[in-house]
Amino acid sequence: MPKMKTKSGAKKRFRVRPGGTVKRGHAFKRHILTKKSTKTKRHLRGTTAVHETNMGHIAQMLPFAGL
1 MPKMKTKSGA KKRFRVRPGG TVKRGHAFKR HILTKKSTKT KRHLRGTTAV HETNMGHIAQ
61 MLPFAGL
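Heads up: the sequence shown runs through residues 1 to 67, numbered per the UniProt record's numbering.
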């Protein structure tokens, strides 16, 4: 059997918190910011948790994260 590998894109985008939840950054905050309102940009700051319906996909991409 070949070695299991972590998806390199996923390891850059997700971090597993001690409680088992996964944190991620917000989308739509990289470019074309002039047409977005200040309120929209403010709410996209910081991180948020990955939704529980997507945790199965995250667990497949991060096999050694203990999810």
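Think of the CB as a built atom: it goes at the ideal place given N, C-alpha and C, for glycine as much as any other residue. Owing to the predicted nature of the structure, the values given are computational and were not obtained by experimental measurement.
Skipping 5 residues on each side, what residues in its chain have a beta carbon closer than 7 Å to that of residue i?
{"i": "R24", "result": "R13, F14, T47, T48, V50"}
What separation, rounded to the nearest whole angstrom, lies between the Cα atoms of residue i and residue j?
{"i": "G66", "j": "M1", "result": "21 Å"}
{"i": "M4", "j": "A59", "result": "13 Å"}
{"i": "P18", "j": "F64", "result": "14 Å"}
With 16 as the cutoff for other CB atoms within 10 Å, does residue i come out buried or exposed?
{"i": "A32", "result": "Note that residue 32 is Ile in the sequence shown, not Ala. Flag for I32 reads exposed."}
Is residue i near the ligand SAM, with its Cβ less than 6 Å from a heavy atom?
{"i": "R45", "result": "Annotation note on the ligand SAM: not contained in the displayed structure, which lists no ligands."}
Residue i: which of the options sits nearest, CA to CA?
{"i": "R42", "options": "F28, T6, M61", "result": "F28"}
{"i": "R45", "options": "H26, G56, A10", "result": "H26"}
Ignore the nearest five residues each way along the sequence and tell me which others in residue i's own chain have a CB closer than 6 Å to its CB.
{"i": "V16", "result": "V22, A65"}
So, at 8 Å on beta carbons, what are the nonlocal neighbours of residue i in its own chain, with the 5 sequence-adjacent residues on each side left out?
{"i": "K7", "result": "M61, L62"}
Provide the residue(s) that pair with residue i in DSSP beta bridges, ordered along the chain.
{"i": "R45", "result": "None, per the DSSP bridge assignment."}
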